[in-house]
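**Student:** Please find one structure pasted underneath; my questions will follow.
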Amino acid sequence: MQWLTMAAYALPELFGLGIALALLMTSARPGSGRKFGMIGIALMLGTALAGLGVSILQTLWIRNADGNLQDTLTLLTVVRVTLNVVSMAGLVTVVWGLCRATHETQPH
Numbered sequence: 194m195q196w197l198t199m200a201a202y203a204l205p206e207l208f209g210l211g212i213a214l215a216l217l218m219t220s221a222r223p224g225s226g227r228k229f230g231m232i233g234i235a236l237m238l239g240t241a242l243a244g245l246g247v248s249i250l251q252t253l254w255i256r257n258a259d260g261n262l263q264d265t266l267t268l269l270t271v272v273r274v275t276l277n278v279v280s281m282a283g284l285v286t287v288v289w290g291l292c293r294a295t296h297e298t299q300p301h
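Just remember that the working numbering sits 193 ahead of the position in the sequence shown, which is counted from 1.
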């Protein structure tokens, strides 16, 4: 049941990113803006899925813990911070792609 709860918390973000990726693939004009947008969304989608995996792994480690969890929780914190940095890079890439797309469509 706990895993379903974790999945339920992750679903809105996963759905939103999936819809954004589908929109970029089907509705955006080909070009560098679309490419950067798709790369950014893919990074964010990958980190969201990895974050869900880390949450499940954390639950398993805590459930099966036989002593000191300090090192394990420290490692998981480092992994989560790394995932957040990658997700931030994905967001910046999406915005960069948006900026490139708007510059490509402006008359010169």
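Ideal Cβ positions, reconstructed from N, Cα and C, are used throughout, including at glycine.
Report the three-state DSSP secondary structure of Asp259 (helix, strand or coil).
**Tutor:** The count along the sequence shown starts at 1 and reaches residue 259 at position 66. Residue state, collapsed to three classes: coil.
**Student:** Is it true that the CB of Trp289 sits closer than 7 Å to the CB of Phe229?
**Tutor:** Taking the first residue of the sequence shown as position 1, residue 229 is located at position 36. Taking the first residue of the sequence shown as position 1, residue 289 is located at position 96. Cβ atoms of Phe229 and Trp289: closer than 7 Å.
**Student:** Quick check: what's the CA-CA separation for Gly239 versus Leu250?
**Tutor:** Translated into positions along the sequence shown, residue 239 becomes position 46. Translated into positions along the sequence shown, residue 250 becomes position 57. C-alpha separation (whole angstroms): 16 Å.
**Student:** What is the DSSP secondary structure of Pro205, counted as helix, strand or coil?
**Tutor:** By 1-based counting over the sequence shown, the position of residue 205 is 12. Helix, per DSSP.
**Student:** Alpha carbon to alpha carbon, what distance is there between Leu210 and Ala200?
**Tutor:** In the sequence shown, residue 200 corresponds to position 7, counting from 1. In the sequence shown, residue 210 corresponds to position 17, counting from 1. Cα-Cα distance, rounded: 15 Å.
**Student:** Use the C-beta contact count for Thr295: other C-beta atoms within 10 angstroms, 16 or more gives buried, fewer gives exposed.
**Tutor:** Numbered from its first residue, the sequence shown carries residue 295 at position 102. Exposed.
**Student:** Is Leu276 near Ala243, with beta carbons less than 7 Å apart?
**Tutor:** Here residue 276 is taken as the residue at index 83 of the sequence shown, counted from 1. Here residue 243 is taken as the residue at index 50 of the sequence shown, counted from 1. The answer is yes: Cβ separation under 7 Å.
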